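Visitor:
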Amino acid sequence: MRVSKLISPTKENSVTILDLCTGTGCIPLLLTHLWPVNSARALAIDVSRDAVLLAQENAHNHRLSYYGDVDPLQEGNYIRIIQQDIFSPTFRSFLLEKRIEGKPFDILTCNPPYIPRKEYERLSPSVREFEDRRALLGEEDGDGLTFYRKLANIIAEDRDSDDRIFARGALVALEHGEGQSSSIRTIMETRTRGLVKRSEAWLDQWGKERTVVLRLNEK
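In our numbering, the protein residues as written are 982 to 1200.
Here it is in structure tokens:
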């Protein structure tokens, strides 16, 4: 919701959104629903086929048309929802191919798996047995920040390329677990090799840092 108030796209100045680890598709659904008609288009990606099908169903129910491998012809905000693994060695090529209208993305949103293995083992059985572990577990061992390192590397690859995935000055919003904000900001600022102009942490309704927000350099 806060991202929707930070940016005010219009038909004349529209934006494109890349949402990774989309799950139910709630983030791009909300943004494309709240912003004016013809002002926002999104590409949503998840590794889980079940998640992709659910996100497509949600898009259909909210009258935000979804498409697989073709660009829509009619006007209006829309979401394309596709299955893909961000750890695939061909993921950058995939993103370049699937860019909306061939243009770099103005916004990156992501709520990736971030729970460390030790914390995952302490979750109640009702959560572990119901939720897909790929949607929760940040990695088998370590601090649970593997996805953020991968995201930073994806952004960093734009530095030495004329064919960019992200627009200059793009907004990046990454949700995370409690106590992870400082580490994620460090990861993003150091691994992107100077592409981050500034970063900040957003608080949730209980005053906990739960989202890292970055602005990429405009140069």
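Where a beta carbon is used, it is the ideal one built from N, C-alpha and C, also for glycine.
Source: prediction; values computed, not measured.
Could you check where the alpha helix (DSSP H) with E1159 kicks off and where it finishes?
Guide: Here E1159 belongs to no alpha helix (DSSP H), and DSSP marks it neither H nor E.
Visitor: Taking N1058 and R1022 to be in contact with their CB atoms under 8 Å, please state how far apart those CB atoms are, rounded to whole angstroms.
Guide: Their Cβ separation, rounded to whole angstroms, is 6 Å, which keeps N1058 and R1022 in contact under 8 Å.
Visitor: Starting from Q1064 and walking both ways along the alpha helix (DSSP H), at which residues does that stretch end?
Guide: That residue, Q1064, is in no alpha helix (DSSP H); its beta strand (DSSP E) goes 1059–1064.
Visitor: Report, in whole angstroms, the separation of the C-beta atoms of V1193 and S1162, which I expect to be a contact under 8 Å.
Guide: Yes, they are in contact, since the Cβ atoms of V1193 and S1162 sit about 6 Å apart, within 8 Å.
Visitor: Taking the straight line between their C-alpha atoms, what separation do you get for C1002 and I1008?
Guide: Cα-Cα distance, rounded: 10 Å.
Visitor: Taking the straight line between their C-alpha atoms, what separation do you get for E1138 and G1160?
Guide: E1138 and G1160: Cα-Cα distance of roughly 28 Å.
Visitor: For L1035, name the three-state secondary structure that DSSP assigns.
Guide: DSSP places L1035 in helix when its eight states are reduced to three.
Visitor: How about I998 and I1088: do their beta carbons lie closer than 7 Å?
Guide: Yes, the pair counts as a contact, with Cβ atoms nearer than the cut-off.
Visitor: Short check: CB of A1025 to CB of I1081, under 7 Å?
Guide: No, the pair does not count as a contact, with Cβ atoms beyond the cut-off.
Visitor: According to DSSP, A1182 sits in a beta bridge with which residue or residues?
Guide: Bridge partners of A1182: V1193.
Visitor: Distance, Cα to Cα, G1125 vs G1188?
Guide: G1125 and G1188: Cα-Cα distance of roughly 22 Å.
Visitor: Just how far apart, CA to CA, sit E1190 and A1148?
Guide: Looking at the two C-alpha atoms, the distance is approximately 26 Å.
Visitor: Rank L1077, I1060, L1034, D1185 by C-alpha distance to the C-alpha of I1146 and give the top, closest one.
Guide: Looking at the Cα atoms, L1077 is the closest of the given residues.
Visitor: Taking buried to mean at least 16 other C-beta atoms within 10 Å of its own C-beta, is V996 buried or exposed?
Guide: The residue in question, V996, is buried, as its Cβ has 16 or more Cβ neighbours within 10 Å.
Visitor: Please say whether T1173 and I1136 have beta carbons closer to each other than 7 Å?
Guide: Taking 7 Å as the Cβ cut-off, I1136 and T1173 qualify as a contacting pair.
Visitor: Looking at C-alpha atoms only, which residue of D1027, E1199, T1005, R1179 is the closest neighbour of H1043?
Guide: It is T1005.
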